[in-house]
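Enquirer: Residue numbers (this note's numbering): 11 to 383. Idealized CB from N, CA, C, for every residue including glycine. Would you mind keeping the following structure in view while I ask a few things?
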C-alpha cells in the first residue's frame, strides 16, 4: 500500500441477514470514504442486503462453507478464506459474530494479513446453550484473540466478561457502542396498521432461539386479562411455531405476529413499551431505537444492556428466563401512562450516546490507529 492508496478492508460476517451486526457493518462501510471495503458473508444471506451494498458501490463475496455452528465445514472454510486473502492482499480483515470471527481470524493469520480486527457483538456463552459447545467456542476465542490486533466490544461489560474468561489482554480492547440514526426514530410518524389495542407492548427482532419469545408468552399468560396488546415484529425460523403456540395457548386475542417490517421507526412510534427477554445479546440496536422513540424498555440484565437501560429510570432489567419478573414489570408499566412517559423521556436523553455518527467515527479511529501501528 502506498500513501496515495486507500487501505483495503475486508469485513466478514457469518450470516448477512437483517440484524444489528449487519446494520453496524453497512453503516460503517457506507459511512467511511477513506477506505476500500469488501463485505464477505457465509451460506445464509438476504438478497436485499447484497443489493443495498452493491448500490453503494461496496463489493461483496460469499463463502458458502461459513455456516452457523457447523463444525464440519470449519476447516474447509478456513482454508478457502486463507487462499482468498493471499490473492487479495487486504490491509485489514475485520470479522464479526462468533463463527466468522473464529474462522476469519484463523484464515487471516494463515494468510499473514497485516492487521486483524474483530467486533464482539454479543457474548456467545449462554446458559441455554450446550455446555460442550460453550467450552469449544471459549477455546477457539482464546486462540483467535492471540491473532487479533484490536477487539471492538459493544459494551464495557462485554470486555470485562471476555477478560474474565481469559480471552485476550485489556490493551487489545476498545468499546464502540452500536449506533443508530437517531433522527429516524425521534421524528417518526406512528404507523396505523399494527394489530391490537394500545397500550401496545412490542418485541422487535429475529424470531430465533435465544431471543426469549417463550418467556414473553409465559409472562402474558401470567398477566391474564390486561388492557392493551402484545405485538411480535420480525421473521425467522420460529415464525410458524410461534403462530401455533399463540393459538394453542389461547392468546390470539392478546398477541399478534406481524412478520418482517421495514418501517421499524413507525412501528416503535405506534407502541408504548419495548420488551427484549433475550438469553444472549451484545448492545441491541433495538433498545437504542426504542429509547430514541421515547419507549420504556424491559430487557434482561445481560451483556451490554445495563449500559443502555438505566434500571428504574428508563426501564427495567430482569433476570433471563424469568416470566414472573417480566409480567410484574409489564403490569406496572401498562397500568401507568405517566410512568411510561417519564421513563420514555429519560430514555430519549440516554439514546444520544448511541448515534451512528459517533459509532462510525470511533471505528475510523480504530482503523487509523491499527494501520499506523
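Considering only residues of the same chain and omitting the five flanking positions on each side of residue 30, which have a CB-CB separation below 8 Å?
Expert: If we look at residue 30 and ignore the five residues flanking it on each side, its Cβ neighbours are 131, 188, 292, 294, 295 and 296.
Enquirer: Which residues in the same chain have their Cβ closer than 7 Å to the Cβ of residue 101, if we skip the five residues on either side of it in sequence?
Expert: Once the five neighbours on either side are set aside, the close Cβ partners of residue 101 are 11, 17, 18, 19, 124, 125 and 381.
Enquirer: Which residues mark the beginning and the end of the alpha helix (DSSP H) in which residue 36 is found?
Expert: Residues 30-41.
Enquirer: Would DSSP call residue 221 helix, strand or coil?
Expert: It is coil, neither helix nor strand.
Enquirer: Compute the Euclidean distance between the alpha carbons of residue 176 and residue 114, then round it to the nearest angstrom.
Expert: Between residue 176 and residue 114, the C-alpha separation is close to 20 Å.
Enquirer: For residue 216, which three-state DSSP category applies?
Expert: The answer is coil: DSSP assigns residue 216 none of H, G, I, E or B.
Enquirer: Closest to residue 378 by CA distance: which of 260, 221, 90 and 127 is it?
Expert: Ranking 260, 221, 90 and 127 by Cα distance to residue 378 puts 127 first.
Enquirer: Could you give the distance in angstroms between the alpha-carbon of residue 116 and the alpha-carbon of residue 154?
Expert: Distance between the alpha carbons of residue 116 and residue 154 is about 6 Å.
Enquirer: Since residue 244 and residue 215 are thought to touch, with beta carbons under 8 Å apart, how far apart are those beta carbons, to the nearest angstrom?
Expert: Right, the Cβ-Cβ distance comes to about 5 Å (below 8 Å), so this counts as a contact.
Enquirer: Ignoring anything shorter than 4 residues or poking outside the region 283-321, list the alpha helix (DSSP H) runs there in chain order.
Expert: For the region 283-321, whole alpha helix (DSSP H) runs of length 4 or above, ordered along the chain, are 295-302 and 315-318.
Enquirer: If you drop the 5 nearest sequence neighbours on each side, which residues of the same chain put their C-beta closer than 6 Å to that of residue 346?
Expert: Around residue 346: no qualifying Cβ.
Enquirer: How many Å lie between residue 365 and residue 322 at the Cα?
Expert: Their backbone Cα atoms lie some 23 Å apart in a straight line.
Enquirer: Among all the DSSP beta bridges, which residues are the ones paired with residue 183?
Expert: In the DSSP output, where bridge partners are listed per residue, residue 183 has 161.
Enquirer: Pull up the DSSP beta-bridge partners for residue 268, would you.
Expert: DSSP output for residue 268 lists no bridge partner at all.
Enquirer: Would you say the region 278-289 touches the region 319-338, given that touching needs at least three Cβ pairs under 8 Å?
Expert: Contact holds: three or more Cβ-Cβ distances are below 8 Å.
Enquirer: In angstroms with no decimal places, state the Cα-to-Cα distance between residue 277 and residue 374.
Expert: In a straight line, the C-alpha of residue 277 is about 32 Å away from that of residue 374.
Enquirer: Measure the CB-CB distance between residue 95 and residue 120 and report whether it falls below 9 Å.
Expert: Against a cut-off of 9 Å, the Cβ pair of residue 120 and residue 95 comes out as a contact.
Enquirer: Can at least three beta-carbon pairs, one atom from the region 21-37 and one from the region 248-262, be found at a separation below 8 Å?
Expert: Taking 8 Å as the limit for Cβ pairs, the verdict is that the region 248-262 does not touch the region 21-37.
Enquirer: Contact defined as beta carbons within less than 8 Å: I believe residue 52 pairs with residue 118. What is the distance between those atoms, to the nearest angstrom?
Expert: Contact doesn't hold; Cβ gap of about 16 Å is too wide.
Enquirer: Secondary structure at residue 177, three-state DSSP: helix, strand or coil?
Expert: Reduced to three states, the DSSP call for residue 177 is coil.
Enquirer: Which stretch, first to last residue, makes up the beta strand (DSSP E) that contains residue 192?
Expert: Unbroken run through residue 192 is the alpha helix (DSSP H), 192-196; no beta strand (DSSP E).
Enquirer: Quick check on the burial criterion: 16 or more other C-beta atoms within 10 angstroms. Buried or exposed for residue 99?
Expert: Classification of residue 99: exposed, given that the 10 Å Cβ count is below 16.
Enquirer: If you draw a straight line from the C-alpha of residue 234 to the C-alpha of residue 222, how long is it?
Expert: Cα to Cα, residue 234 sits roughly 19 Å from residue 222.
Enquirer: How many angstroms separate the CA atom of residue 344 from the CA atom of residue 237?
Expert: Straight-line Cα distance between these residues: approximately 7 Å.
Enquirer: Give the C-beta separation of residue 314 and residue 165 to the nearest angstrom, bearing in mind that I take them to be a contact with Cβ-Cβ under 8 Å.
Expert: Yes, residue 314 and residue 165 are in contact; Cβ-Cβ is about 3 Å, under 8 Å.
Enquirer: Assuming residue 69 is part of the alpha helix (DSSP H), what are its boundary residues?
Expert: No alpha helix (DSSP H) holds residue 69; the beta strand (DSSP E) holding it covers 69-72.
Enquirer: Helix, strand or coil for residue 47 per DSSP?
Expert: In this structure, residue 47 counts as strand in the three-state DSSP scheme.
Enquirer: So residue 283 and residue 357 are supposed to be a Cβ contact under 8 Å. How far apart are they, rounded?
Expert: Actually they do not touch by this definition, with Cβ atoms about 11 Å apart.
Enquirer: What did DSSP end up calling residue 79 once you bin it into helix, strand or coil?
Expert: The answer is coil: DSSP assigns residue 79 none of H, G, I, E or B.
Enquirer: With which residues is residue 4 paired in a DSSP beta bridge?
Expert: Outside the shown range of the chain, which is 11 to 383, sits residue 4, and nothing can be said about it.
Enquirer: Under the three-state reduction of DSSP, which class applies to residue 91: helix, strand or coil?
Expert: It is helical.
Enquirer: Would DSSP call residue 259 helix, strand or coil?
Expert: Coil at residue 259, not helix or strand.
Enquirer: Rounded to whole angstroms, what's the CA-CA distance from residue 312 to residue 349? Just pull it up for me.
Expert: Distance between the alpha carbons of residue 312 and residue 349: 24 Å.
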